[in-house]
Amino acid sequence: MIRLATQADITQIAAVHVQSWHETYQGLVKSEILAALNVAQKIQIWTQVFQDDNHCLLVYEKDQKILGFLDGYLPKQKRTVEIRAFYLLKSIQKQGIGRELFKRFYQCIDVEKYDALSLEVFDQNPSRYFYEKLGATLVQVEDAENYGDGLKICHYQWKI
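By the count of this note's numbering, the sequence shown reaches residue 166 at its end, each step adding exactly one.
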């Protein structure tokens, strides 16, 4: 089930965030960055996000356990919406859940107010091809060596 997050979901969202980074970025992102990730720190971040009404935070839940989420930022003063976090545990990837989360977030966007949707992803993250299948255009690539050797950040955008 996909639904809007509640305050009660924050701990599980934080846990999925940390676990997703370990599952996806082991061997890509510097080991000290991965070792420093912790749920308590992410709880603080997600508590702040949850309190900001510019965010649309969606979760995928199965058997009362959150297994993925998408955080979309809908700024009041800009014409571009951002997906700031989009994480699914490996166990539920490639089942259409990411596509459904994306569609549900897209429904939150006021197409009269915004021109574009943007997202950033590491170049070596296989999910970048998922975004391309959803119609995203690669608009910029920049160095991300501070995260890992040879890593780059790809900036994708959809026209609304």
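Note that beta-carbon positions come from the ideal geometry of N, C-alpha and C, so glycine has one too.
Compute the beta-carbon to beta-carbon distance between residue i and residue j, rounded to the nearest angstrom, for a pair I have assumed lies under 8 Å.
i, j, result
"Phe75", "Ala142", "About 19 Å separates the two Cβ atoms, so there is no contact after all."
"Ile49", "Ala20", "5 Å"
"Glu106", "Ile166", "Not confirmed; about 19 Å, so no contact."
"Leu94", "Gln25", "Incorrect: roughly 10 Å between the Cβ atoms, too far for contact."
"Phe128", "Ile159", "6 Å"
"Phe56", "Gln13", "6 Å"
"Gln18", "Lys71", "7 Å"
Cα separation between residue i and residue j?
i, j, result
"Val35", "Glu126", "15 Å"
"Thr53", "Val45", "12 Å"
"Tyr112", "Ile51", "23 Å"
"Ile98", "Asp15", "18 Å"
"Gly33", "Glu118", "42 Å"
"Asp69", "Glu29", "21 Å"
"His23", "Tyr31", "12 Å"
"Arg110", "Glu67", "14 Å"
"Glu138", "Leu144", "8 Å"
"Val155", "Gln47", "Rather than Val, the amino acid found at residue 155 in this sequence is Asp. Distance between the alpha carbons of Asp155 and Gln47 is about 25 Å."
When the Cα of residue i is compared with those of the options, which residue comes out closest?
i, options, result
"Gln130", "Ser97, Gln57, Glu151, Val45", "Glu151"
"Leu157", "Lys165, Lys139, Phe108, Pro132", "Pro132"
"Tyr162", "Gly102, Phe136, Tyr153", "Phe136"
"Ser124", "Glu118, Lys68, Leu80, Glu106", "Leu80"
"Trp27", "Gln13, Phe56, Leu43, Ile16", "Leu43"
"Ala41", "Cys160, Trp164, Ile159, Tyr153", "Tyr153"
"Leu73", "Gln13, Asp155, Ile103", "Ile103"
"Cys114", "Asp77, Val147, Glu29", "Asp77"
"Lys82", "Asp121, Glu67, Gln18, Asp69", "Asp121"
"Leu140", "Asp155, Asp149, Trp164", "Trp164"
What does DSSP give as the partner residues of residue i in its beta bridges?
i, result
"Ile72", "Glu67"
"Gln163", "Ser124, Thr143"
"Gly78", "Cys62, Ile89"
Inter-stretch contact (C-beta, 8 Å, three-pair minimum) for the region 44-62 and the region 77-96: yes
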